[in-house]
Amino acid sequence: DARVTQTPRHKVTEMGQEVTMRCQPILGHNTVFWYRQTMMQGLELLAYFRNRAPLDDSGMPKDRFSAEMPDATLATLKIQPSEPRDSAVYFCASGRWSNNEQFFGPGTRLTVL
Amino acid sequence: ELKVEQNPLFLSMQEGKNYTIYCNYSTTSDRLYWYRQDPGKSLESLFVLLSNGAVKQEGRLMASLDTKARLSTLHITAAVHDLSATYFCAGPSNAGGTSYGKLTFGQGTILTVHP
Chain R
18 DARVTQTPRH KVTEMGQEVT MRCQPILGHN TVFWYRQTMM QGLELLAYFR
68 NRAPLDDSGM PKDRFSAEMP DATLATLKIQ PSEPRDSAVY FCASGRWSNN
118 EQFFGPGTRL TVL
Chain D
4 ELKVEQNPLF LSMQEGKNYT IYCNYSTTSD RLYWYRQDPG KSLESLFVLL
54 SNGAVKQEGR LMASLDTKAR LSTLHITAAV HDLSATYFCA GPSNAGGTSY
104 GKLTFGQGTI LTVHP
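First to last, the protein sequences are chains R and D. Letter by letter, the first sequence follows residues 18 to 130 of the working numbering. Letter by letter, the second sequence follows residues 4 to 118 of the working numbering.
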């Protein structure tokens, strides 16, 4: 049963700390997406990759957020330094370039105090 | 880039009733996706509609796609409480180019089914 996995599932941290979220896409998928979901803003696309290359990170605050794919089985999203307004659920999704269907991971619920 | 609008955004239904959620999109697209999100959970793929006139059904939910009208509908038949969730439609942000593979999501419709 192929699924996108994300760690950690929950993270509580203090303002100013670094946060790293990890995602393992479904084997064989070559696109990876990072989304953020809040009650106020809804679902926002932060960044996405094709074949590990970043295609678009315009949705991400560049001064504190960074997204990478060190290899085909791992995508990371880092926030440094974190701020209370970063509190949200962060979803990773993966898919195939030839097909827009995306499969979502369980999410990381981030709380920044 | 594609714009996607859903309506209604909030839907309160009685069990046993029928209703339809509408998804309008701004530019030509030959495919449309529906997702379901339960409270506190992730998004789950519900339907993939890949051509004009496509109709998919699962249980009490039926989705259809009219590419000429740029409209997809999600019809709920004889609603039950278990269908309470947020439903999103999404379309390819731009067929071809660097947006290929990327989806534009609607705002979501929060469905609550009451006894």
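Using N, Cα and C, we set each Cβ at its ideal position, and we do this for glycine too. Keep in mind the model is a prediction, meaning the values are calculated, not measured.
Per-residue burial, residue i [other beta carbons within 10 Å of its own, 16 or more giving buried]
i: R/Val29; result: exposed
i: D/Ala72; result: exposed
i: D/Ala66; result: buried
i: R/Ser115; result: exposed
i: D/Gly43; result: exposed
i: D/Met9; result: Checking the displayed sequence, the identity of residue 9 of chain D turns out to be Gln instead of Met. By the neighbour-count rule (16 or more Cβ atoms within 10 Å), D/Gln9 is buried.
i: D/Pro95; result: buried
i: D/Val58; result: exposed
i: R/Thr55; result: exposed
i: D/Ser15; result: exposed
i: R/Arg26; result: exposed
i: D/Ser75; result: buried
i: D/Gln40; result: buried
Cutoff 7 Å: residue i Cβ touching any chain D Cβ
i: R/Thr48; result: yes
i: R/Pro71; result: no
i: R/Val129; result: no
i: R/Trp114; result: yes
i: R/Glu85; result: no
Residue i: first and last residue of the uninterrupted beta strand (DSSP E) it sits in
i: R/Met38; result: Val36 to Gln41
i: D/Ala93; result: Ala88 to Pro95
i: R/Pro71; result: Ala70 to Asp73
i: D/Ser15; result: Phe13 to Gln17
i: D/Ser67; result: Leu64 to Asp69
i: D/Gln110; result: First-last for D/Gln110: undefined, no H or E at that position.
i: R/His27; result: His27 to Thr30
i: D/His78; result: Leu74 to Ile79
i: D/Leu49; result: Leu46 to Leu52
i: R/Val129; result: Thr125 to Val129
i: D/Arg39; result: Leu35 to Gln40
i: R/Thr24; result: Thr22 to Thr24
Inter-residue Cα distance where the pair is residue i and residue j
i: R/Ala89; j: R/Glu118; result: 19 Å
i: D/Arg63; j: R/Val106; result: 29 Å
i: R/Val36; j: D/Glu18; result: 43 Å
i: R/Ala110; j: R/Ser99; result: 22 Å
i: D/Asp69; j: R/Thr22; result: 34 Å
i: R/Leu127; j: R/Ser104; result: 5 Å
i: R/Arg102; j: D/Leu86; result: 32 Å
i: R/Arg20; j: R/Gly122; result: 7 Å
i: R/Asp18; j: D/Asp33; result: 29 Å
i: D/Val51; j: R/Pro42; result: 20 Å
i: R/Arg113; j: R/Arg69; result: 12 Å
i: D/Lys20; j: D/Glu47; result: 24 Å
i: D/Gly99; j: D/Leu5; result: With a pLDDT of only 42 at D/Gly99, under 50, the local geometry of the prediction cannot be trusted, and the value read off the model is given with reservation. Spanning the two alpha carbons is a distance of roughly 12 Å.
Cβ of residue i within 7 Å of any chain R Cβ
i: D/Gln110; result: yes
i: D/Pro11; result: no
Quick check for students: name the residue ranges of the alpha helix (DSSP H) that lie wholly in the region 42 to 114 of chain R, counting only runs of 4 or more.
Taking 4 residues as the shortest admissible run, the region 42 to 114 of chain R contains no complete alpha helix (DSSP H) segment at all.
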